[in-house]
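J.: Numbering (full-length UniProt numbering), first residue to last: 1 to 174.
Glycine is no exception: its CB is placed at the ideal position from the N, C-alpha and C atoms.
Have a look at this one.
Here you go:
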């Protein structure tokens with residue numbers, strides 16, 4: 001970091017480094033850094049009750065997940081030879097079943113989407129956000145757009161007819 005003087009010389013300045021002081025973090029006492037990371041007050045009774053309640057429930061569910069995984073692995077090891085023997089029958093049956101389930105789920109998703117759309121429209125009109133003046137303006141804009149589109153279509157047709165006539169006249173002269 002330096003400043004350029006009129007003579008073209010660069011002069012460097014030595015700036016003192018900034019020192020940050022954190023008074024609540026003391027490293028002189030044993031474990032001072034750890035104490036600064038911990039909250040200043042202990043947990044509330046609600047937090048203790050939540051931990052005491054949820055720890056056994058979470059542990060039980062974790063054990064059940066492990067037992068289920070172990071059972072699934074054993075079942076897969078036992079069923080693999082059966083799957084290999086009956087695969088010419090099972091694979092098409094599983095594909096058919098999977099496609100049927102996918103079809104039903106897709107149908108249900110489309111139905112829920114349609115119902116939620118209708119519900120939203122119904123709530124929109126019930127809340128009174130629908131203003132008839134805006135509808136008239138939209139109708140007028142749509143009519144103007146239709147007239148403009150009709151005019152453009154008529155102009156395009158006229159242009160095509162003119163080019164067709166020019167093409168016929170050019171073919172007759174040659």
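Hey, residue 83 and residue 90 are a contact pair by Cβ (cut 8 Å); roughly how many whole angstroms apart?
T.: Here residue 83 refers to the residue found at position 83 of the chain shown. Here residue 90 refers to the residue found at position 90 of the chain shown. At roughly 6 Å, the Cβ-Cβ gap stays under 8 Å, so residue 83 and residue 90 are in contact.
J.: Where does residue 42 fall in DSSP's three states?
T.: Locating residue 42 in the chain shown gives position 42, where the first residue counts as 1. The answer is coil: DSSP assigns residue 42 none of H, G, I, E or B.
J.: CA-CA distance, residue 123 and residue 141?
T.: Translated into the one-based positions of the chain shown, residue 123 becomes position 123. Translated into the one-based positions of the chain shown, residue 141 becomes position 141. Using only the alpha carbons, I get a separation of about 26 Å.
J.: According to DSSP, simplified to helix, strand and coil, what is residue 127?
T.: For the purposes of this step, residue 127 is identified with residue 127 of the chain shown, where counting begins at 1. Three-state DSSP puts residue 127 in coil, outside helix and strand.
J.: Compute the Euclidean distance between the alpha carbons of residue 43 and residue 72, then round it to the nearest angstrom.
T.: Position 43 of the chain shown, counting from 1, holds the residue named residue 43. Position 72 of the chain shown, counting from 1, holds the residue named residue 72. Computed Cα separation, rounded: 40 Å.
J.: Residue 146 to residue 102, Cα distance in whole Å?
T.: Position 146 of the chain shown, counted from the start, is the residue given in the question as residue 146. Position 102 of the chain shown, counted from the start, is the residue given in the question as residue 102. Their backbone Cα atoms lie some 42 Å apart in a straight line.
J.: How many angstroms separate the CA atom of residue 66 from the CA atom of residue 114?
T.: Taking the chain shown and counting its residues from 1, the one referred to as residue 66 is at position 66. Taking the chain shown and counting its residues from 1, the one referred to as residue 114 is at position 114. Each residue's alpha carbon lies about 41 Å from the other.
J.: Grouping DSSP H, G and I as helix and E and B as strand, with all else coil, what is residue 86?
T.: Taking the first residue of the chain shown as 1, we reach residue 86 at position 86. Residue 86: coil per DSSP, three-state reduction.
J.: For residue 173 and residue 150, I'd like the C-alpha separation in whole angstroms.
T.: In the chain shown, counting from the first residue as 1, residue 173 sits at position 173. In the chain shown, counting from the first residue as 1, residue 150 sits at position 150. Roughly 35 Å separates the two Cα atoms.
J.: Whole angstroms are fine: how far does the CA of residue 88 sit from the CA of residue 95?
T.: As a position in the chain shown, residue 95 is number 95, starting the count at 1. As a position in the chain shown, residue 88 is number 88, starting the count at 1. Going from the Cα of residue 95 to the Cα of residue 88 covers about 12 Å.
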